[in-house]
Amino acid sequence: MYILGITGSPKGAKSQTRRLMESVLAGAQATGATTELVDLSTLDVKYCTACGACYAKGACVINDDYPPLLAKMLVADGLVFGSPLYFSSCTAQFKTMLDRMADPIHTQRFLGKYGCAVATSGGPEFPEVNDYLTNVLVRFGAFSVGSVGCAAMMPGAMERALPDATALGGTLAQAIADRPVFADQQAIHAAMHARFKALVTMSQERFPYEYAYWQQQGWLD
Ligand SMILES: Cc1cc2nc3c(=O)[nH]c(=O)nc-3n(C[C@H](O)[C@H](O)[C@H](O)COP(=O)(O)O)c2cc1C
19 MYILGITGSP KGAKSQTRRL MESVLAGAQA TGATTELVDL STLDVKYCTA CGACYAKGAC
79 VINDDYPPLL AKMLVADGLV FGSPLYFSSC TAQFKTMLDR MADPIHTQRF LGKYGCAVAT
139 SGGPEFPEVN DYLTNVLVRF GAFSVGSVGC AAMMPGAMER ALPDATALGG TLAQAIADRP
199 VFADQQAIHA AMHARFKALV TMSQERFPYE YAYWQQQGWL D
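Take a look at the structure:
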């Protein structure tokens, strides 16, 4: 069982979000998972140029650290998405990675995976980014088992959140083992399936890779 955590703070080892994510991953390890933490601040991930090559060929043409990062996401059983809250959303580093993932969402590449979200903020708004990251995970096809966060500057908030983070990591690893189904999220998966089926069918000539992928999955029958 392999769980990949990806965190988007620019602060490296000083990041509060990363600290919380490390506890999530420790909890997952204690429940039997092999874990890896990728800190986006150490990677070179360039902006998507919307060239459309990934739709046609299934691979990004930009030669940077994104293609190997995507490869890790695709083999992971579990994904932990983490970001500080910057103005009601994730950081530019995290968003830049997401913007490179138009083909993986069209091909619903997180189906069968489980995930969770981690966020911190200065004030009490961390749930906004946790909701955003959870929504992204589910729209890519994963089941989310929850989120953890805190207003990192508030006295005692991090200390209170750390045990919750460890517990969430355990819940994530257990879900990968037990494979629960969440009906509300399954409804979102069904809606995304219908939407991308229509898109891929309509765009067969422009998106030959994606059309072939959907065919191989038996999703166009
Ligand atoms: C550019 C920027 C924008 C931010 N926007 C918000 C915000 O809108 N609301 C908030 O509560 N905190 C905001 N913060 C504070 C961070 O969310 C907070 O310090 C967070 O814990 C940092 O996480 P990190 O240590 O993992 O980088 C912002 C910080 C920066 C640098």
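Residues 19 to 239 in the working numbering are what the sequence shown lists, from first letter to last.
Note that CB positions come from ideal geometry on N, CA and C, so glycine has one too.
What you are looking at is a predicted structure, and each value in this text was computed from that prediction instead of being measured.
TODO: Between the Cα of Ala71 and those of Gly100, Leu151, Pro122 and Ile21, spot the shortest distance and give me the residue it belongs to.
DONE: Pro122
- [ ] Return yes when at least one heavy atom of ligand 1 lies under 7 angstroms from the C-beta of Thr138, else no.
- [x] Within the cutoff, so yes.
Task: First through last residue of the alpha helix (DSSP H) which encompasses Glu146 - done: Phe144 to Arg157
Open item on the list: Looking at ligand 1, does it come within less than 7 angstroms of Ser221, judged from the CB to the closest heavy atom?
Closed with: no
Task: Environment of Gln126 [buried if 16+ CB atoms lie within 10 Å] - done: Buried: at least 16 other Cβ atoms inside 10 Å.
Open item on the list: For Pro102, list the residues DSSP reports as bridge partners.
Closed with: Bridge partners of Pro102: Thr138.
TODO: Could you check if Asn81 is buried or exposed, using at least 16 other CB atoms within 10 Å of its CB as the buried criterion?
DONE: Taking all protein chains shown into account, Asn81 has fewer than 16 neighbouring C-beta atoms within 10 Å of its C-beta and is therefore exposed.
Open item on the list: At a threshold of 7 angstroms, does Ala8 count as lining ligand 1 (C-beta to nearest heavy atom)?
Closed with: Because the chain in this structure spans residues 19 to 239, residue 8 falls outside the shown range and cannot be described.
TODO: Mind reading off the beta-carbon distance from Val136 to Val98? Whole number of angstroms is fine, and I expect it under 8 angstroms.
DONE: 6 angstroms
Open item on the list: Suppose you measure from the CA of Ala90 to the CA of Thr25; what does that come to, to the nearest Å?
Closed with: Just to set this straight, residue 90 is Lys in the shown sequence, not Ala. Those two C-alpha atoms are separated by around 14 angstroms.
Open item on the list: Please confirm whether Gly141 has its beta-carbon closer than 8 angstroms to some beta-carbon of chain D.
Closed with: Of the protein chains in this structure there is only one, and it is not chain D.
Task: Delimiting residues of the beta strand (DSSP E) encompassing Asp182 - done: For Asp182, no beta strand (DSSP E) segment is defined; the enclosing uninterrupted segment is the alpha helix (DSSP H) at Ala175 to Asp196.
Open item on the list: Just checking Ser41 against ligand 1 - is the residue's beta carbon closer than 7 angstroms to any of the ligand's heavy atoms?
Closed with: no
TODO: Give me whichever residues DSSP pairs with Ala169 in a beta bridge.
DONE: Ser139
Task: Inter-residue spacing [alpha-carbon to alpha-carbon] between Glu146 and Lys75 - done: 35 angstroms
Open item on the list: Please return the same chain residues whose Cβ sits closer than 6 angstroms to the Cβ of Tyr231, not counting the five positions on each side in sequence.
Closed with: Thr125
Task: Through-space distance from Met220 to Arg213, alpha-carbon basis - done: 11 angstroms
Task: Phe161 versus Ala169: straight-line alpha-carbon distance, rounded - done: Each residue's Cα considered, the two are about 25 angstroms apart.
Task: Residue closest to Ser165, alpha-carbon to alpha-carbon, out of Tyr84, Met176 and Thr152 - done: Thr152
TODO: Using 7 angstroms as the cut-off, classify the Cβ of Ser33 as near or not near the heavy atoms of ligand 1, replying yes or no.
DONE: yes
Open item on the list: Between His215 and ligand 1, is there a pair consisting of the residue's CB and a ligand heavy atom that are separated by less than 7 angstroms?
Closed with: What sits at residue 215 in the sequence shown is Lys, not His. It does not: the Cβ of Lys215 is nowhere closer than 7 angstroms to a heavy atom of ligand 1.
Open item on the list: My output table needs one value for Thr109: the three-state DSSP class, helix, strand or coil.
Closed with: coil
Task: beta strand (DSSP E) segment containing Ala35, residue limits - done: One detail in the question is off: residue 35 reads as Thr in this sequence, not Ala. Premise fails: Thr35 lies in the alpha helix (DSSP H), Gln34 to Ala48, not in any beta strand (DSSP E).
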